[in-house]
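Novice: According to this note's numbering, the sequence shown is numbered sequentially starting from 32. C-beta: ideal position from N, C-alpha, C; glycine also.
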Amino acid sequence: MVTTLGPKMAAGREGVAGSSGSGPGPSQRRWRRSSWARGVLLLLGGLWATSTSVPVSLHSSPPCRHRVPSEAEVINKVHLKTNHVVKRDVDEHLRIKTVYDKSIDELLPEKRYLVKNKLFPQAISYLEKTFQVRRPAGTILLSRQRATNRYLQKENDPHRYCTGEFAEHTKCGPVIVPEEHLQRCRVCRGGKWSCVAVGVQDQEGVRDADFVLYVGALATERCSHENIISYAAYCQQEAKMDRPIAGYANLCPNMISTQPQEFIGMLSTVKHEIIHALGFSAGLFAFYHDKDGNPLTSRFADGLPPFNYRYLLCLFLFFFGRMLRLSSENHGSLGLYQWSDKVVRKVERLWNVRDNKIVPHTVYLLVTPRVVDEARKHFNCPILEGMELENQGGMGTELNHWEKRLLENEAMTGSHTQNRVFSRITLALMEDTGWYKANYSMAEKLDWGRGMGCDFVRKSCKFWIDQQKQKRQMLSPFCDTLRSNPLQLTCRQDQRAVAVCNLQKFSKPLPQEYQYFDELSGIPTEDLPYYGGSVEIADYCPFSQEFSWHLSGEYQRSSDCRILENQPDLFKNYGAEKYGPHSVCLIQKSAFVMEKCERKLSYPDWGSGCYQVSCSPQGLTVWVQNTSYLCSRAGQVLRVSIQMNGWIHDGNLLCPSCWDFCELCPPERDPPAANLTRALPLDLCSRSSSLVATLWLLLGNLFPLLAGFLLCAWH
Ligand SMILES: [Zn+2]
32 MVTTLGPKMA AGREGVAGSS GSGPGPSQRR WRRSSWARGV LLLLGGLWAT STSVPVSLHS
92 SPPCRHRVPS EAEVINKVHL KTNHVVKRDV DEHLRIKTVY DKSIDELLPE KRYLVKNKLF
152 PQAISYLEKT FQVRRPAGTI LLSRQRATNR YLQKENDPHR YCTGEFAEHT KCGPVIVPEE
212 HLQRCRVCRG GKWSCVAVGV QDQEGVRDAD FVLYVGALAT ERCSHENIIS YAAYCQQEAK
272 MDRPIAGYAN LCPNMISTQP QEFIGMLSTV KHEIIHALGF SAGLFAFYHD KDGNPLTSRF
332 ADGLPPFNYR YLLCLFLFFF GRMLRLSSEN HGSLGLYQWS DKVVRKVERL WNVRDNKIVP
392 HTVYLLVTPR VVDEARKHFN CPILEGMELE NQGGMGTELN HWEKRLLENE AMTGSHTQNR
452 VFSRITLALM EDTGWYKANY SMAEKLDWGR GMGCDFVRKS CKFWIDQQKQ KRQMLSPFCD
512 TLRSNPLQLT CRQDQRAVAV CNLQKFSKPL PQEYQYFDEL SGIPTEDLPY YGGSVEIADY
572 CPFSQEFSWH LSGEYQRSSD CRILENQPDL FKNYGAEKYG PHSVCLIQKS AFVMEKCERK
632 LSYPDWGSGC YQVSCSPQGL TVWVQNTSYL CSRAGQVLRV SIQMNGWIHD GNLLCPSCWD
692 FCELCPPERD PPAANLTRAL PLDLCSRSSS LVATLWLLLG NLFPLLAGFL LCAWH
């Protein structure tokens, strides 16, 4: 799901006639005129303006539908030989053995290289360094799949016997497991007492591995129906602790991108999917163990937790194109292996919505000890009962991910919007499975929601937004600015990218529990139920999101400040921005104006930009071109006036807090009286470089102008 703004909402570039003091008011009024009037303005503006319609897109991957494997797809209680188990040092890490299916070799050479040499090695390396298995396996020898999925167990024999024929192939998801990884066939024909091992002896198995990952690139039904890069799940669990010992990851061949800018996103998707296979799955909650190795959910005589078959009905409907949207009330009897309330607990929240109403809102919390501890610390809420799981997005998304409203850019939320990080909370969950230990030095910093308190984590975002407004404090990480033309730019929550608020109008009124606005500037009261954030699984809470520019449907650049390639073209760089590894997003207090001779150019979409910063004992310094501006306190206005390529760029930037970027900061103080008499060239017009710039600008203006005019005439 990629939400694209229409051409009317595109980030255009037009010159705005006026002095450097022209504020948002007049500029916005100008932009709300009709496109016809705009055309006239363009003509009148003539040489002043450039106009290229560049649509911007907010990133939002389709929600991850982690399909919990059905009872028939998973083999539990796989007996592993213990004779090869060696006591390992505590600092040894998880060993994942990757086995590539032949479908990987059939990929185009550049895709095959990407998958085998970059994507999987890097994802596996991260997971191996991050986790350690509490009970390492010696050799993994998998069970054979039976045609009927009915098994028998003999007394004093750990192996499982099949009552009917075994399947021709044993599959792990869509991938066929190689023969050499399989135990020999054990079949009971004619009752429990005529069970024998038949066929070839046990094969060699997979030595020195804790988990076997079968990687395929099969164009499956799921690939054609769902707009996904990859999906993964476990397929066999060992007998002693129920830990998954084998799983698969299937990449949809058409979705593998070799574009460099897509690599980071694909890598985090692959890590996310493998984490589902290793433990973060609603299908495994009932198998979690405590730190002493005891199951958190009680077992039947066969050693398994209770199973609720209702889930199979859901799967049936899912595959026949009618995905059952489970209402919150149904979660208690999903039809999965049913977990106890030591793992997941249902809690009712009091939820503030519009018209001063409070409605009940049911949430499911993961309540295992380390998760509770990490969540309390993260949000600074000592009474928090557990970490909320996703309640939207349909089967596969809900319950299998963290709630997006609360942990937006955490990598184990249900969709990829921006800047994914694997936080301590996900590492804590993996520890709480009872199967792994986590190396917390591998956790990435999560800014979203950090230290925001109990009201943030336990109430609706309406409650939070209203409370912040009353206290006259920032609404961050939420926002209430309509995504309209011109775009009001802001910064991503971690101040590393230019962003825009994703508040938008929907075609239908939102469900009552997600209607949050009592008023919105310029919107009639009766339309308010149609407004919410564009990301459904974030409970429709609006938040600032990074975006990318597209030209004729082609990706141009993203708004991430740290990527050098995002640097705007020389003559489109109104705000004198600088993208690169040391750049951060700063708020612009007014629109930047480019000025030369009698010409003044401005950019209608403004509000923030990317600038380099550095730290020193004096504090935080902002760099615009080669000019430095020292921030003495947060909120200080920096009057920027620099010369770049024969143009003077004037604007105002707001100082962030020094502590946002520096390890050490001096106490805040009032800035010294500004030295406003910066030396500027006396006569820019006579410089030859400016003549070149003017000619370029002429060319740049004429083409879209003519094109626009011809289009107008055509219609
Ligand atoms: Zn997922």
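Quick one: Cα of Phe-646 to Cα of Gly-563, how far?
Specialist: Within the sequence shown, numbered from 1, the residue matching residue 646 stands at position 615. Within the sequence shown, numbered from 1, the residue matching residue 563 stands at position 532. The amino acid at residue 646 is misidentified as Phe; the sequence shows Cys. Their Cα atoms are separated by approximately 39 Å.
Novice: To the nearest angstrom, how far is it from the Cα of Ala-665 to the Cα of Gln-501?
Specialist: Locating residue 665 in the sequence shown gives position 634, where the first residue counts as 1. Locating residue 501 in the sequence shown gives position 470, where the first residue counts as 1. Taking the straight line from one Cα to the other gives about 21 Å.
Novice: If the criterion is Cβ atoms closer than 8 Å, does the pair Tyr-265 and Ala-313 meet it?
Specialist: The residue labelled residue 265 in the question sits at position 234 within the sequence shown. The residue labelled residue 313 in the question sits at position 282 within the sequence shown. Contact: no.
Novice: Please report the residue range of the beta strand (DSSP E) in which Ser-565 lies.
Specialist: Taking the sequence shown and counting its residues from 1, the one referred to as residue 565 is at position 534. It is not in any beta strand (DSSP E) - Ser-565 carries neither H nor E in the DSSP assignment.
Novice: Should Ala-607 and Glu-577 be called a contact, given that it needs their Cβ atoms to be closer than 8 Å?
Specialist: Along the sequence shown, read from residue 1 onward, the residue named residue 607 stands at position 576. Along the sequence shown, read from residue 1 onward, the residue named residue 577 stands at position 546. No; because the gap between Cβ atoms is not below 8 Å, this pair is not in contact.
Novice: Gly-677 and Lys-627 - do their beta-carbons sit closer together than 8 Å?
Specialist: If you number the sequence shown from 1, residue 627 lands on position 596. If you number the sequence shown from 1, residue 677 lands on position 646. A contact, by the Cβ cut-off of 8 Å.
Novice: State buried or exposed for Val-99, treating a residue as buried only when at least 16 other CB atoms are found within 10 Å of its CB.
Specialist: Residue numbering aside, residue 99 sits at position 68 when the sequence shown is read from its first letter. The residue is buried, with at least 16 neighbouring Cβ atoms inside 10 Å.
Novice: Please determine if the segment 459-478 and the segment 277-292 are in contact, where contact requires at least 3 C-beta pairs separated by less than 8 Å.
Specialist: Verdict: no, contact absent.
Novice: Return yes when the C-beta of Gly-445 is under 7 Å from any heavy atom of ligand 1, and no when it is not.
Specialist: Here residue 445 refers to the residue found at position 414 of the sequence shown. Result yes, Cβ under 7 Å from ligand 1.
Novice: Three-state secondary structure (DSSP) at Gln-643?
Specialist: The residue given as residue 643 occupies position 612 in the sequence shown. Strand.
Novice: For Arg-709 and Lys-620, I'd like the C-alpha separation in whole angstroms.
Specialist: The residue labelled residue 709 in the question sits at position 678 within the sequence shown. The residue labelled residue 620 in the question sits at position 589 within the sequence shown. Only weak support is given to the placement of Arg-709: the predicted model assigns it a pLDDT of 46, under 50, and the question is left unresolved by the model.
Novice: Using 8 Å for Cβ pairs, my map puts Asp-237 next to Ile-171. What's the rounded Cβ distance?
Specialist: In the sequence shown, residue 237 corresponds to position 206, counting from 1. In the sequence shown, residue 171 corresponds to position 140, counting from 1. Just to set this straight, residue 237 is Val in the shown sequence, not Asp. Confirmed, Cβ separation roughly 4 Å.
Novice: What does the alpha-carbon distance come out to for the pair Val-671 and Cys-689?
Specialist: Along the sequence shown, one-based indexing puts residue 671 at 640. Along the sequence shown, one-based indexing puts residue 689 at 658. C-alpha separation (whole angstroms): 19 Å.
Novice: Does Ile-618 come out as helix, strand or coil in the three-state DSSP assignment?
Specialist: Indexing the sequence shown from 1 puts residue 618 at position 587. Strand at Ile-618.
Novice: Apply the 10 Å Cβ neighbour rule to Ala-704 and answer buried if 16 or more other Cβ atoms are within range, or exposed otherwise.
Specialist: Working through the sequence shown from its first residue, we reach residue 704 at position 673. It counts as exposed.
Novice: Around the Cβ of Tyr-144, are there at least 16 other Cβ atoms within 10 angstroms (buried) or fewer (exposed)?
Specialist: Reading the sequence shown from its first residue, position 113 is the one you call residue 144. The residue in question, Tyr-144, is exposed, as its Cβ has fewer than 16 Cβ neighbours within 10 Å.
Novice: To the nearest angstrom, how far is the alpha carbon of His-256 from that of Ala-250?
Specialist: Here the question's residue 256 lines up with position 225 in the sequence shown. Here the question's residue 250 lines up with position 219 in the sequence shown. For His-256 and Ala-250, the distance between alpha carbons rounds to 10 Å.
Novice: Beta-carbon within less than 7 Å of Arg-356's beta-carbon, same chain only, minus the 5 sequence neighbours each way: which residues are those?
Specialist: Here residue 356 refers to the residue found at position 325 when the sequence shown is read from its first residue. Its pLDDT being 36, under 50, Arg-356 is placed unreliably in this model, and the value from its coordinates should be taken loosely. Cβ within range, chain order: Gly-425.
Novice: Run the proximity test for Cys-95: is its beta-carbon closer than 7 Å to any non-hydrogen atom belonging to ligand 1?
Specialist: In the sequence shown, residue 95 corresponds to position 64, counting from 1. Yes, the Cβ of Cys-95 comes within 7 Å of a heavy atom of ligand 1.
Novice: Using the C-alpha atoms, what's the distance from Leu-518 back to Arg-63?
Specialist: Translated into the one-based positions of the sequence shown, residue 63 becomes position 32. Translated into the one-based positions of the sequence shown, residue 518 becomes position 487. Because the pLDDT at Arg-63 is just 33, under 50, the model does not fix this residue reliably, and the point stays unresolved.
Novice: Here's the rule I'm using: 16 or more other beta-carbon atoms within 10 Å means buried, otherwise exposed. How should Val-71 be labelled?
Specialist: Residue 71 sits at position 40 when you count from the first residue of the sequence shown. For Val-71, the predicted model reports a pLDDT of 25, less than 50, meaning its position is unreliable and no value from the coordinates is stated.
Novice: Does the Cβ-Cβ distance between Cys-510 and Ser-565 come in under 8 Å?
Specialist: If you number the sequence shown from 1, residue 510 lands on position 479. If you number the sequence shown from 1, residue 565 lands on position 534. No. Outside cutoff.
Novice: For Asn-325, verify whether its CB is less than 7 Å away from any heavy atom of ligand 1.
Specialist: Counted from its first residue, the sequence shown places residue 325 at position 294. Every heavy atom of ligand 1 is 7 Å or more from the Cβ of Asn-325, so no.
Novice: Which residue or residues does DSSP assign as beta-bridge partners of Val-130?
Specialist: Locating residue 130 in the sequence shown gives position 99, where the first residue counts as 1. DSSP lists Tyr-245 as partners of Val-130.
Novice: Taking the alpha carbon of Arg-523 as the point to measure from, which residue in Gln-499, Gln-535, Pro-573, Tyr-262 has its own alpha carbon closest?
Specialist: To locate residue 523, count along the sequence shown from 1; it is residue 492. Of Gln-499, Gln-535, Pro-573, Tyr-262, the residue nearest in Cα terms is Pro-573.
Novice: On the DSSP bridge list, what partners appear for Gln-423?
Specialist: The residue you call residue 423 lines up with position 392 of the sequence shown. For Gln-423, which the question treats as bridged, DSSP gives no partner whatsoever.
Novice: Which residue or residues does DSSP assign as beta-bridge partners of Ala-280?
Specialist: By one-based count along the sequence shown, residue 280 stands at place 249. According to DSSP, which records beta bridges pairwise, Ala-280 is partnered with Val-246, Ala-263.
Novice: Closer than 7 Å to a non-hydrogen atom of ligand 1 - does that hold for the CB of Asn-747?
Specialist: With the chain running from 32 to 746 in the structure shown, residue 747 is simply not present.
Novice: Among residues of its own chain, excluding the 5 on either side of Glu-269, which ones have a beta-carbon nearer than 6 Å to its beta-carbon?
Specialist: For the purposes of this step, residue 269 is identified with residue 238 of the sequence shown, where counting begins at 1. Val-109, Leu-111, Ile-276.
Novice: Taking 8 Å as the cut-off, decide whether the C-beta atoms of Lys-609 and Gln-643 are in contact.
Specialist: Position 578 of the sequence shown, counted from the first residue, corresponds to residue 609. Position 612 of the sequence shown, counted from the first residue, corresponds to residue 643. Result yes, Cβ atoms of Lys-609 and Gln-643 sit closer than 8 Å.
Novice: Answer yes or no: do Tyr-245 and Glu-304 have a C-beta to C-beta separation smaller than 8 Å?
Specialist: Within the sequence shown, numbered from 1, the residue matching residue 245 stands at position 214. Within the sequence shown, numbered from 1, the residue matching residue 304 stands at position 273. Cβ atoms of Tyr-245 and Glu-304: not closer than 8 Å.
Novice: Say the cut is 7 Å; is the CB of Asn-431 nearer than that to a heavy atom of ligand 1?
Specialist: The count along the sequence shown starts at 1 and reaches residue 431 at position 400. Yes, since a heavy atom of ligand 1 falls inside the 7 Å radius drawn around the Cβ of Asn-431.
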